[in-house]
Amino acid sequence: MPFNVSMVWREPSDHATDCYFCWTNITGFNKKNKRQIVYPTVPSAIRPVLTQEDASNLPCSNSMEYTVNDQELQEDTSSEEETFESSLEKQAHLINQAELNNLISDLNLTKDKAELLASRLQGWNLLSSDTKASVFRNRNQGF
105 MPFNVSMVWR EPSDHATDCY FCWTNITGFN KKNKRQIVYP TVPSAIRPVL TQEDASNLPC
165 SNSMEYTVND QELQEDTSSE EETFESSLEK QAHLINQAEL NNLISDLNLT KDKAELLASR
225 LQGWNLLSSD TKASVFRNRN QGF
């Protein structure tokens, strides 16, 4: 089924009560009865949304209606809600040569793997303009 919005996970605010993966009990299930797994509804996981054409084919989509009275509408607008502010930066962080070298060192990558990672990052435009992917090709040679 095509979805307008796929499943979205964010970092749980409280691991004990808001962790989607901790609350999903999959023990005792196999290929035959995996459809019986009950997935939790937690604030840190936003469920996928069906496309409009698929939603119209569901038997319950036309029969379900929700009416809002004026009192509920006033209560919703008058209550103060917390707004979610993303801690992520608005612009992408471009990796410079020193950061790339540290990343390669931390991951203990071989010469070939280091060059492959650098070229992939460069292909995705994640490296700054002065960062070179070919530096790792000759890193074992002396000066």
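Counting from 1, position 142 in the sequence shown corresponds to residue 246 in my numbering; the numbering is continuous, with no gaps.
All C-beta atoms in this analysis are idealised placements derived from N, C-alpha and C, irrespective of residue type, glycine included.
{"Item": "Put residue 228 into one of helix, strand or coil per three-state DSSP.", "Value": "coil"}
{"Item": "For residue 242, name the three-state secondary structure that DSSP assigns.", "Value": "helix"}
{"Item": "Can you list, in chain order, the residues of its chain whose CB lies under 7 Å from that of residue 113, leaving out five sequence neighbours each side?", "Value": "124, 148, 149"}
{"Item": "Between the beta-carbon of residue 199 and the beta-carbon of residue 221, is there less than 8 Å?", "Value": "no"}
{"Item": "Using DSSP with H/G/I as helix, E/B as strand and the rest coil, what is residue 199?", "Value": "strand"}
{"Item": "With distances taken from CA atoms, which of 143, 109, 140, 138 is nearest residue 155?", "Value": "109"}
{"Item": "Starting from the C-beta of residue 143, find all residues in its chain whose C-beta is less than 7 Å away, skip the five residues before and the five after it, and write them out in chain order.", "Value": "128"}
{"Item": "If you drop the 5 nearest sequence neighbours on each side, which residues of the same chain put their C-beta closer than 8 Å to that of residue 141?", "Value": "128, 129, 130, 133"}
{"Item": "Between the Cα of residue 238 and the Cα atoms of 216, 119, 106, 228, which residue gives the shortest distance?", "Value": "216"}
{"Item": "Determine the contact status of residue 201 and residue 236, defining contact as a CB-CB distance below 8 Å.", "Value": "yes"}
{"Item": "Let's see if you can read the secondary structure: which residues bound the alpha helix (DSSP H) around residue 125?", "Value": "124-127"}
{"Item": "Around the C-beta of residue 120, are 16 or more other C-beta atoms found within 10 angstroms, so that it is buried, or is it exposed?", "Value": "exposed"}
{"Item": "Where does residue 219 land, buried or exposed, given buried means 16+ other C-beta within 10 angstroms?", "Value": "buried"}
{"Item": "Distance check for residue 139 and residue 122, CA to CA, integer angstroms please.", "Value": "23 Å"}
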